[in-house]
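Engineer: Quick one: the structure is below, questions incoming.
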Amino acid sequence: MLQDTNFWVAVSFVIFVALAYKPAMRQIGGALDGRAERIRQQIEEAQQLREDAQALLASYKRKQRDALQEAEEIVAHAREESKRQQQQAEADLEALLKRREAQALEKIAQAEAKALQEVREKAVDVAIAATRRLLDEKLDAKASNALIDNAIDELPGKLH
Numbered sequence: 001m002l003q004d005t006n007f008w009v010a011v012s013f014v015i016f017v018a019l020a021y022k023p024a025m026r027q028i029g030g031a032l033d034g035r036a037e038r039i040r041q042q043i044e045e046a047q048q049l050r051e052d053a054q055a056l057l058a059s060y061k062r063k064q065r066d067a068l069q070e071a072e073e074i075v076a077h078a079r080e081e082s083k084r085q086q087q088q089a090e091a092d093l094e095a096l097l098k099r100r101e102a103q104a105l106e107k108i109a110q111a112e113a114k115a116l117q118e119v120r121e122k123a124v125d126v127a128i129a130a131t132r133r134l135l136d137e138k139l140d141a142k143a144s145n146a147l148i149d150n151a152i153d154e155l156p157g158k159l160h
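With the working numbering, the residue at position 80 of the sequence shown is 80, and numbering never jumps.
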């Protein structure tokens with residue numbers, strides 16, 4: 001058996017494996033540990049990227065909510081402002097119509113007063129003309145002098 005080459009090949013192989021096992025295992029273990037460390041770092045990096053992405057997504061969602069809320073506030077404010085301006089325009093229009101109505105009523109009253117004054121003046125003119133005509137036709141000189149004397153006598157009493 002000591003002369004058999006197969007035996008010595010087997011013994012050599014076992015010795016080689018025994019001697020090569022520890023350094024090979026160290027190298028394989030180191031390579032596996034290095035790979036495991038790289039994978040762990042990649043996983044941590046991926047988790048960090050995921051957390052960053054989630055934080056960024058939450059930030060964008062918050063900004064979107066804030067923007068929507070601000071847009072709603074702007075729309076509500078615009079509606080309130082529009083309503084206020086409409087009410088102001090209605091109030092201004094109503095005040096303008098009241099002023100115009102008052103002016104129209106004032107003009108009507110002035111026109112009525114003027115027309116009434118003109119009618120009175122015309123009535124006085126007509127009455128004076130009619131009285132003159134009657135006096136000219138029916139009054140003789142003697143009756144005329146008596147009326148004048150009577151009017152002169154009443155004048156001092158009417159002046160005081």
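Backbone N, C-alpha and C fix where the C-beta goes; we use that ideal spot for every residue, glycine too. Quick caveat: nothing in here was measured; it's all calculated off a predicted structure.
#1: I need the DSSP call for L139, collapsed to helix, strand or coil.
#2: So within the segment 110-158, which uninterrupted beta strand (DSSP E) runs reach at least 3 residues, ignoring any that extend past its ends?
#3: DSSP state of Q103, grouped into three classes?
Structural biologist: Reading off the structure:
#1: coil
#2: none
#3: helix
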